[in-house]
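Q:
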Amino acid sequence: DKLGGTLAAVHAPVRGFPPELKTRMERFFERLPAERCFLRRNWSVHPAAVRFEPDPAREFLDVGPAAEWFVRSERQTVRRLADDLVLFTVRVDLHPLAAIHTSRAAVLDLELALDQLAGDDLYEFGGSRKRPRVLAALAAGQGRAAARRTGR
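Mapping to the numbering used here: the sequence shown position 127 is 128, numbers consecutive.
#1: Specify, as a first and last residue, the run of the alpha helix (DSSP H) that residue 69 falls within.
#2: Return the residue from the list 119, 117, 109, 118 that minimises the CA-CA distance to residue 140.
#3: Please name the residue or residues paired with residue 46 in a DSSP beta bridge.
#4: Using DSSP bridges, identify the partner residues of residue 89.
#5: Quick one: residues in its chain with C-beta nearer than 6 Å to the C-beta of residue 156, no 5 flanking neighbours on either side, listed in chain order?
#6: Could you name the residues that DSSP lists as bridge partners for residue 40?
#7: Is it true that the CB of residue 33 sits closer than 9 Å to the CB of residue 71?
#8: May I have the straight-line CA-CA distance separating residue 89 from residue 52, to the nearest angstrom?
#9: Using the rule of at least 16 other Cβ atoms within 10 Å of the residue's Cβ for burial, across every protein chain shown, is residue 42 buried or exposed?
#10: Going by CA-CA distance only, name the one from 29, 105, 127 that's closest to residue 73.
#11: What did DSSP end up calling residue 121 once you bin it into helix, strand or coil?
#12: Residue 113 to residue 132, Cα distance in whole Å?
#13: What number of angstroms, rounded off, separates the C-alpha of residue 148 from the C-alpha of residue 69?
Pasting the structure below:
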């Protein structure tokens with residue numbers, strides 16, 4: 002349903018799509034060389050295993066414990082196929098937040114990433130009320146994982 006649409010039309014459903022980002026993206030697509038694939042990834046934490054999430058910045062404070070939420074990541078690629086044709090793909094990966102506790106390093110990386118969110122990035126993540134819930138779920142899960150390892 003996006004085929005043939007302008008960049009503005011394709012992003013029309015994106016709430017709060019900033020004009021300065023639109024300008025930078027238009028410049029990127031104008032200069033995009035043929036036959037070269039570009040890749041980026043983004044991530045967030047969501048309360049359900051939903052692949053299509055048009056409003057990721059919502060506060061999810063009334064949808065159950067954060068320990069039952071999901072890490073959602075998009076792998077996005079863009080490639081120019083012809084002068085007037087650009088292919089953009091999105092693959093969504095979903096993993097239970099609780100599964101991160103199998104790796105202490107992954108927990109520490111996520112905690113660090115959450116601690117560093119500020120401004121627009123914090124808003125896009127879901128706000129300052131969502132972050133402490135996820136951090137608390139990470140801390141509680143690490144406690145449970147440590148207890149399992151020590152047999153307590």
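In this text, a Cβ means the ideal position worked out from N, Cα and C, and glycines have one as well. Since the model is a prediction, treat every value here as computed from it, not as a measurement.
A: Reading off the structure:
#1: Residue 69 -> no alpha helix (DSSP H), and no H or E assigned at all.
#2: 109
#3: 72
#4: 79
#5: Here the chain comprises residues numbered 2 to 153, so residue 156 is not present and cannot be evaluated.
#6: 78
#7: no
#8: 17 Å
#9: exposed
#10: 127
#11: Taken through DSSP and simplified to helix, strand or coil, residue 121 comes out as helix.
#12: 12 Å
#13: Confidence in residue 148 is poor, its pLDDT being 47 and thus under 50, which makes the residue's placement too unreliable to answer from.
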